[in-house]
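**Q**
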């Protein structure tokens, strides 16, 4: 069965690093699930079925964490002893905060534009580009993971959380507009 004391990277037999091969991760996920999937333990003892279920849950949680760039960064920070808290922390970058206020205003005004879908598409595209840039920065910060780099990585993750929330809000508005058609 699984060693529940391993971290997510060890569980998947991967190096503890920010940059991962997504295809390799998916393949290892399928391999691990084949080994512990509860269907394989249908006629096993109660304890074996429970361990199988717990293993399957752990593998799913680890996979979801490692495949998402922001969740992977948060997890890596926790492995390095850097706590993110409840996910509601705020970045100290005032320029970034101003950009977020402007994005929020643009999102609030999108509904009243002649072509709100085009406005939302532009907003979503900008958020995606900005997120890609932050992911590239995270890659650099985790290379040697000095205390200064970890602090910078934490700040980047806070920014990614802001962007993710605005992205979700923009998608929700888009769905709302589509429903109104």
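Numbering (my numbering), first residue to last: 65 to 245. All C-beta atoms in this analysis are idealised placements derived from N, C-alpha and C, irrespective of residue type, glycine included.
For residue 157 and residue 237, what's the separation of their Cα atoms in angstroms?
**A** Locating residue 157 in the chain shown gives position 93, where the first residue counts as 1. Locating residue 237 in the chain shown gives position 173, where the first residue counts as 1. Roughly 27 Å between the two C-alpha positions.
**Q** Which runs of the beta strand (DSSP E) fall wholly inside the region 189-233 and span at least 3 residues, in chain order?
**A** Complete beta strand (DSSP E) runs here, min 3: none at all.
**Q** Going along the chain, which residues of its own chain have a beta-carbon closer than 6 Å to the beta-carbon of residue 226, five neighbours each way excluded?
**A** On the chain shown, residue 226 is found 162 positions in, with the first residue counted as 1. Same-chain partners within the cutoff: 164.
**Q** Scan the region 75-136 and note each continuous beta strand (DSSP E) run of 3 residues or more that stays entirely inside, going in chain order.
**A** Qualifying beta strand (DSSP E) stretches: none in this window.
**Q** How many Å lie between residue 246 and residue 80 at the Cα?
**A** Given that the chain is displayed from residue 65 to residue 245, the structure contains no residue 246 and the question cannot be resolved.
**Q** Starting from residue 159, trace the alpha helix (DSSP H) both ways and give me its first and last residue.
**A** Within the chain shown, numbered from 1, the residue matching residue 159 stands at position 95. Unbroken alpha helix (DSSP H) run through residue 159: 158-174.
**Q** Check whether the region 103-115 and the region 170-184 are in contact - that is, three or more C-beta pairs closer than 8 Å.
**A** Contact between the region 103-115 and the region 170-184 is absent, because fewer than three Cβ pairs lie under 8 Å.
**Q** Thinking C-beta only, is residue 242 closer than 9 Å to residue 188?
**A** The count along the chain shown starts at 1 and reaches residue 188 at position 124. The count along the chain shown starts at 1 and reaches residue 242 at position 178. Their beta carbons are not under 9 Å apart, which means residue 188 does not touch residue 242 by this criterion.
**Q** Return helix, strand or coil for residue 69, following the three-state DSSP convention.
**A** Locating residue 69 in the chain shown gives position 5, where the first residue counts as 1. Correct three-state label for residue 69: coil.
**Q** Which whole-angstrom value is the C-beta distance of residue 139 and residue 93, which I expect to be below 8 Å?
**A** Indexing the chain shown from 1 puts residue 139 at position 75. Indexing the chain shown from 1 puts residue 93 at position 29. Rounded, the Cβ-Cβ distance is 15 Å, inconsistent with contact.
**Q** Residue 230 and residue 143 - do their beta-carbons sit closer together than 9 Å?
**A** Locating residue 143 in the chain shown gives position 79, where the first residue counts as 1. Locating residue 230 in the chain shown gives position 166, where the first residue counts as 1. For residue 143 and residue 230, no; Cβs fall outside 9 Å.
**Q** My output table needs one value for residue 154: the three-state DSSP class, helix, strand or coil.
**A** Along the chain shown, read from residue 1 onward, the residue named residue 154 stands at position 90. Coil, per DSSP.
**Q** Checking 9 Å against the spacing of the C-beta atoms, do residue 223 and residue 155 come in under that value?
**A** Position 159 of the chain shown holds residue 223. Position 91 of the chain shown holds residue 155. A contact, by the Cβ cut-off of 9 Å.
**Q** Tell me whether the beta-carbon of residue 116 lies closer than 9 Å to the beta-carbon of residue 108.
**A** Taking the first residue of the chain shown as position 1, residue 116 is located at position 52. Taking the first residue of the chain shown as position 1, residue 108 is located at position 44. Yes; because the gap between Cβ atoms is below 9 Å, this pair is in contact.
**Q** Is it the case that the Cβ atoms of residue 83 and residue 137 are separated by a distance below 9 Å?
**A** Residue mapping note: residue 83 aligns to position 19 of the chain shown, counting from 1. Residue mapping note: residue 137 aligns to position 73 of the chain shown, counting from 1. No, these two residues do not count as a Cβ contact at 9 Å.
**Q** Let's test the definition: count the other Cβ atoms within 10 Å of the Cβ of residue 119 and tell me whether it reaches 16, buried, or not, exposed.
**A** Locating residue 119 in the chain shown gives position 55, where the first residue counts as 1. Its Cβ being crowded by 16 or more others within 10 Å, residue 119 is buried.
**Q** Return the CA-CA distance between residue 211 and residue 106, expressed in angstroms with no decimal places.
**A** Within the chain shown, numbered from 1, the residue matching residue 211 stands at position 147. Within the chain shown, numbered from 1, the residue matching residue 106 stands at position 42. Near 48 Å, if we compare the C-alpha coordinates of residue 106 and residue 211.
**Q** So, for residue 86: in the same chain, excluding its five sequence neighbours on each side, which residues have a beta-carbon less than 7 Å away from its beta-carbon?
**A** Indexing the chain shown from 1 puts residue 86 at position 22. Excluding residues within five positions, the ones whose Cβ falls inside 7 Å are 131.
**Q** Can you find the residues in the same chain that come closer than 7 Å, C-beta to C-beta, to residue 228, ignoring five residues on each side of it along the sequence?
**A** Within the chain shown, the letter at position 164 stands for residue 228. Closer than 7 Å at Cβ, skipping near neighbours: 134.
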